[in-house]
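In what follows, a single structure is set out as structure tokens and then discussed.
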Amino acid sequence: AGAMTAQYHFLMPLAKVDALGLNQAEILNMIQEGQEEIIDNITTWLMAFTYMAYTPLGDEQLTTYLSYQMSENGAALNSALFDAFNGIDRDMSAAMGLALAQALQSQEL
Numbered sequence: 003a004g005a006m007t008a009q010y011h012f013l014m015p016l017a018k019v020d021a022l023g024l025n026q027a028e029i030l031n032m033i034q035e036g037q038e039e040i041i042d043n044i045t046t047w048l049m050a051f052t053y054m055a056y057t058p059l060g061d062e063q064l065t066t067y068l069s070y071q072m073s074e075n076g077a078a079l080n081s082a083l084f085d086a087f088n089g090i091d092r093d094m095s096a097a098m099g100l101a102l103a104q105a106l107q108s109q110e111l
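Counting in this note's numbering, the sequence shown runs from 3 upward without gaps.
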């Protein structure tokens, strides 16, 4: 959901660029049409990251880590991290969309 939210916040400022002729319904449709590709890309990245990050761990280290992740504190930490990263990604995407929209609307004097 975070990737699609970021994409939405990137595209919404572009709806204000008359030359593009985008509206909210078209933007939502674009995101929905690209949903499968986004999920595939995230899955590929996540599998590669998981392999890279956890392969060096021994069985005991991995068991300890997984036990923590499944605990109440681990779940709270994981949730807080995802909320923070999704917020940063959303805000950066919105800023890039706004900058692009402003550049597309600029005119030479």
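Built from N, CA and C at the ideal position, the CB exists for glycine as well.
Query	Result
When the Cβ atoms of the segment 69-79 are set against those of the segment 38-52, are three or more pairs found closer than 8 angstroms?	no
Within its chain, find whatever has a CB closer than 7 angstroms to the CB of I33; leave out the 5 residues flanking it on each side and keep chain order.	M6, Q9 and Y10
Report yes if the CB atom of G4 is closer than 7 angstroms to the CB atom of N80, and no otherwise.	no
Is it buried or exposed for A103, if we count other Cβ within 10 angstroms and need 16 for buried?	buried
Return the chain-ordered list of same chain residues with a C-beta closer than 6 angstroms to the C-beta of L106, the five sequence neighbours on each side being excluded.	V19
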